[in-house]
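Asker: Per this note's numbering, residue 8 is the first one in the sequence shown, and the count goes up by one each step. No residue lacks a Cβ here, since even glycine has one placed at the ideal position from N, Cα and C.
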Amino acid sequence: MKRRKAPYPRLVWERNKPAHRVPTHKRPLKEYIVPANGGKGYGRIIQGDNLSAMELLVDEGYTGKIKLVYMDPPFLSDARYYRKIRLKKGLFIKEETYPDTGDMCSYLDMLKERFLKARELLREDGIIFVHCDWRANSYIRVLMDEIFGHTNFLNEIIWHYGGRGAKHVSAQFPRNHDTIYVYRKSKRGSLKKIHTERLIPLKEALSLGYRMDEKGRVFKTAPRGDYTEESIKRLAAEDRVYITKNGNVRIKYFLEVREGFVVERPLLGDVWTDIPDAMHTPYEERTGYTTQKPLKLMERIIECSTDAGDLVLDPFCGSGTTAVAAERLGRRWIVCEKTLQGVSVTRKRLLAAGSGPFVVERLEEKPSPEDHPPFLLPPAIEELDREHLKVSIGLNGNMGTLPEGLSEKEAHLLVDYWAIDWNHDGKAFRTDWLSFRNERGKEIKPVEKMATGVIKKKTEQIAVKVVDVFGNETTCVINLKEIL
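1. Considering only residues of the same chain and omitting the five flanking positions on each side of Val-149, which have a CB-CB separation below 7 Å?
2. Since Glu-131 and Lys-72 are thought to touch, with beta carbons under 8 Å apart, how far apart are those beta carbons, to the nearest angstrom?
3. Have a look at Pro-385, Leu-64 and Met-117 and flag the residue whose alpha-carbon is nearest the alpha-carbon of Cys-483.
4. Exposed or buried, which one is Tyr-49 when buried takes at least 16 other CB atoms within 10 Å?
5. Considering only residues of the segment 280 to 327, which uninterrupted beta strand (DSSP E) runs meet the minimum length of 3 residues and lie entirely inside it, listed in chain order?
6. Spatial neighbours of Leu-304 within its chain, please: C-beta separation below 6 Å, excluding the five flanking residues on both sides.
7. Please identify the residue among Lys-355, Asp-277 and Leu-441 whose C-alpha is closest to the C-alpha of Leu-161.
8. Run through DSSP, which three-state label would Gln-348 get?
9. Would the beta-carbon of Val-269 fall within 8 Å of that of Val-319?
10. Hey, how far is the Cα of Ala-243 from the Cα of Asn-253?
11. Beta-carbon separation of Arg-444 and Leu-36 under 8 Å?
12. Note the first and the last residue of the continuous beta strand (DSSP E) segment covering Val-65.
13. From the DSSP output, in three-state form, read off Ala-333 for me.
14. Please say whether Ala-332 and Glu-306 have beta carbons closer to each other than 8 Å?
15. Closest by CA to Glu-62, which one among Ala-360, Lys-96 and Leu-123?
16. CA-CA distance, Ala-387 and Phe-477?
17. Which same chain residues end up closer than 8 Å to Gly-316 when comparing Cβ atoms and leaving out the 5 residues on each side of it in sequence?
18. For Pro-81, which beta-bridge partners are listed by DSSP?
19. Which residues in the same chain as Pro-494 place their Cβ atom closer than 6 Å to its Cβ, once the five residues preceding and following it in sequence are excluded?
20. Suppose the cutoff is 8 Å on Cβ atoms and the five residues either side in sequence are ignored; what does the same chain contact list for Lys-452 look like?
21. Could you tell me which residues DSSP puts in a beta bridge with Pro-16?
22. From which residue to which residue does the beta strand (DSSP E) around Asn-144 run?
23. Between which two residues does the alpha helix (DSSP H) holding Ala-243 run?
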């Protein structure tokens, strides 16, 4: 007789009709980016609806191939989020990144579809992290129990990022933490142990019960536990046994002393208090995204759940922190982002971080906007020899309507990134030359205004892509046969 599974609570809500999605192209539009430093690796940025992107990955054979899925969906905050863009000293503009609005039922509809698809893509030893807060965490926990199984729940991580300014007039304590749920696909999934580092002033450590021996070594003690007499003799020979005044045996654990501080390396638990939010990260790490997550947080998540070469998926890419962290740690990565701004910021962050080659794919082609059209100077062509031409292409500074406080001579400050495919095949855009706007601390380095390359005379087309600070793109194809 087949044994029935024990009943378990399920989450029930008034389900809405699935949201209409633009069908996925069988062959997404692609832009290949190979940085000047070359390098290894192959990351993917997929622009478009993330559920369509995940379905595309299933169609491409990624089922059971992904080791880590990290999801940082909207928090159902009923707010509109903006990115703060610094054009020059003292001049900022704000651009809406996404509206986080809707009702709980449609929100749960959205999450359930993506959780199911994530489970399909995960390896048998795969792990999923879902980032949320007080608004929906209780609903998300029950939903994940239903989809992944309550026995596959691993942790509820409390990320305490510090105070952001308490509202003294409010009726509750300040809300200063997020919740991160961790589930595995099956019993084969597990997390690695992580040890953090804590520095304690030597004088304070000695007052807290740490001890110092006659050799100046600092140690702490613990009960002998299950150590046998034979083991105690061995530890005593290593000077690892401490006898209390009452004659009790305790085990010594020696600690590093560094420049007047005792170094503690405690095992990390499920309350993370040592990582501040993105507002308090180094200036060069900030992107202007209100909901940006710190690089240190993503590196910890990736390190505890993956090995070098494993594949990481982030369906809610945002400002690209997951891609940057995965690249730094030697993991393969795929990220999905719906907005033009998010794709542009992610691409630029990867280039600034010295990323290896990656590709930007678009699930739907969008016409170039007319609000901020970048224009190019006519190409200057010079014959070098019987087989090669020298081509120079520049920005003429005509960027359409300019924000208040920006002159026509400063119009190039609106260009976030531009790239050239010196031998365009009419299909995929392959980056041979690029220049991107870079912020180092409080300094802004604008894009280069002129690009020069050497091409073969038989080259038929050159493609130029220009992206402004709002994420809007314009691609121009120069037909050399019409010019020469």
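Answerer: So, to answer that:
1. Hits under 7 Å: Pro-16 and Leu-18.
2. Not quite, the Cβ-Cβ distance comes to about 11 Å (not below 8 Å), so this is no contact.
3. Pro-385
4. exposed
5. Counting only runs of 3 or more, we get 318 to 321.
6. Ile-282
7. Asp-277
8. helix
9. No.
10. 18 Å
11. Against a cut-off of 8 Å, the Cβ pair of Leu-36 and Arg-444 comes out as no contact.
12. Counting along the chain, Val-65 falls outside any beta strand (DSSP E), though it belongs to the alpha helix (DSSP H) covering 57 to 66.
13. helix
14. yes
15. Leu-123
16. 29 Å
17. Gly-337, Arg-338 and Arg-339
18. Per DSSP, none; premise fails for Pro-81.
19. Because the chain here runs from 8 to 491, residue 494 falls outside it and cannot be looked at.
20. Arg-444, Asn-445 and Glu-446
21. In the DSSP output, where bridge partners are listed per residue, Pro-16 has none listed.
22. Note, Asn-144: premise wrong, no beta strand (DSSP E); alpha helix (DSSP H) at 144 to 155.
23. Start and end: 236 to 244.
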